[in-house]
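Residue numbers (mature numbering (1 follows the signal peptide of the UniProt record, and there is no 0)): -21 to -1, 1 to 511.
Comments concern the structure below.
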């Protein structure tokens, strides 16, 4: 993210603005940059286009915000400049003002009606930007100071540091706005209904969570379970209580549970059994001896050596074409088994096939008998790959409340209604981190979004930290999540448009928006407890 912002701003300001000073008639952009406010006013009164972008997405208001020209910003805002206009990174003037600690301009923008819930291409609101520690952005500030200093860009680091909490308070919803939020759960025969207050949870934190969720564009549901009781629930857009959403990679966490159940039942002997033991028909086709050493454990941990399918066009096409059992032969390893984490949908699908073959049952039937059925969960369509194998990596469709039950099952050590469904030791083992600060896909050195840090991986479950608090999550493309907050005895469920077949920047923006939504709530939860 840092390099993209730097590249954008250098090209957006350095190149165009060098030419501004050479013009006989001072343009609006140049007048703003040079602090010639009377000329700015003349442009406004003459009916100039206040929202004109150069080739790099910078407008006069964006320039005023970046270079801390509050008087020019005020003239432009009063003149009707678009407050929601975005640069090439999807950032509005409010995002930029927050990033650079421009308190006065933030106030002007808010007074002018700027949308606090608007998200940039990183899925971040202006609040998300200032919620992160100053140190996370210091490298960006250093490089921008060097690049844009000749044009008058400067930052007082101590002032920026002090401004962050001030701006954060300005960007929070008002008490009146929070009172308008309705998250009361719908009636339920399966869930005990309660309220945040009765379960010891600050209702203002919950109200703000749902206030923020109201600004998302692709979410379907948001549920909060506290102490085993449904305390908050709301559905958005096409979502509904009976909607069965394609869970994408949340399916992997269900597959992990099925592996644990298969071990308990004796279908499988050990997680150290070799993958190829279950594919004898392919033994003579293996031309890479390393594949003969891959174990169930390595598949569970994403350390089998198979590549991430989105790393090449050919692998990506294979992902959506569907996997054959023989795909494990056809796809080359990208590294030696058990040397490093590498996210792989094929690994999860192989696990599903192994359970099916070891237990002499198709994966859906095995799941219905041993996991979904006992949880009173009836799946929708479950995607099948070649040879009829159900997807172990993705493709399961369930209701949001079903995900909540699964999450609560893991908080309760695999017990549901006094019945041990998933072995307790398996739950504990699955939620450990076997890879740390992973760097794959949209992750950057163990980080994603503005809150989640030190991301790790267990047995088809993720782990992450927010403000030093570690938790687990099931994570599916498009914005499908089960957050397990064990210390708080809390489950958070989010479902969204699964973005089937879409892995572009727009899809990733919405996925990160959901990550930031939950991350902000978890941060507030942790800080609230620490302040008591």
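Note that beta-carbon positions come from the ideal geometry of N, C-alpha and C, so glycine has one too.
Just so you know, these numbers come straight off a predicted model, no measurement behind them.
| Query | Result |
| --- | --- |
| Proximity winner among 65, 251, 441 and 299, relative to residue 333 (alpha-carbon distances) | 251 |
| Residue 270 - containing beta strand (DSSP E), residue span | Element bounds for residue 270: n/a, residue is neither H nor E. |
| Contact check, residue 514 vs residue 62, beta carbons under 8 Å | The chain is shown from -21 up to 511; residue 514 falls before or after that span and cannot be answered. |
| Distance, residue 106 Cα to residue 86 Cα | 13 Å |
| Residue 200 - DSSP class collapsed to helix/strand/coil | strand |
| Distance, residue 66 Cα to residue 484 Cα | 15 Å |
| Start-to-end residues for the beta strand (DSSP E) that takes in residue 478 | Careful: residue 478 lies outside any beta strand (DSSP E) and carries neither H nor E. |
| Whole-angstrom distance between residue 59 and residue 428, CA atom to CA atom | 32 Å |
| Per DSSP, the bridge partner or partners of residue 342 | DSSP output for residue 342 lists no bridge partner at all. |
| Exposure label - residue 224; buried when at least 16 CB within 10 Å | buried |
| Reduced DSSP category for residue 93 - H, G, I as helix; E, B as strand; rest coil | coil |
| Nearest-angstrom Cα separation, counted from residue 38 out to residue 123 | 18 Å |
| Other residues of its chain near residue 257: CB distance less than 8 Å, five sequence neighbours each side excluded | 332, 333, 336 and 337 |
| Rounded separation between residue 471 and residue 285 - CA only | 31 Å |
| Nonlocal neighbours in the same chain, by C-beta distance under 8 Å from residue 491, ignoring five residues either side | 101, 102, 103, 421, 427 and 428 |
| Run of the alpha helix (DSSP H) containing residue 183, from where it starts to where it stops | 182 to 192 |
| Simplified DSSP state of residue 508, which is helix, strand or coil | helix |
| Own chain, CB closer than 7 Å to residue 31, minus 5 neighbours either side, in chain order | 38 |
| Contact set for residue 269: own chain, Cβ-Cβ below 7 Å, skip 5 residues either direction | 284, 312, 315 and 316 |
| Presumed contact (8 Å Cβ cut-off) between residue 209 and residue 493, rounded CB distance | The Cβ separation is near 20 Å, so there is no contact. |
| Residue 365 - containing alpha helix (DSSP H), residue span | Careful: residue 365 lies outside any alpha helix (DSSP H) and carries neither H nor E. |
| Collapsed DSSP secondary structure at residue 132 in the structure displayed | coil |
| Simplified DSSP assignment, three categories, for residue 401 | coil |
| Simplified DSSP state of residue 3, which is helix, strand or coil | At residue 3, the pLDDT of 43 sits below 50, so the modelled position is not reliable; the number obtained from the coordinates is stated separately. Reduced to three states, the DSSP call for residue 3 is coil. |
| Boundaries of the beta strand (DSSP E) in which residue 208 is found, first to last residue | 208 to 214 |
| Separation of residue 386 from residue 83, as counted between CA atoms | 44 Å |
| When 367, 362 and 371 are compared against residue 323, the one with the closest alpha-carbon | 371 |
| For residue 25 and residue 139, the rounded distance between their alpha carbons | 36 Å |
| Coarse secondary structure for residue 219, derived from DSSP in three states | coil |
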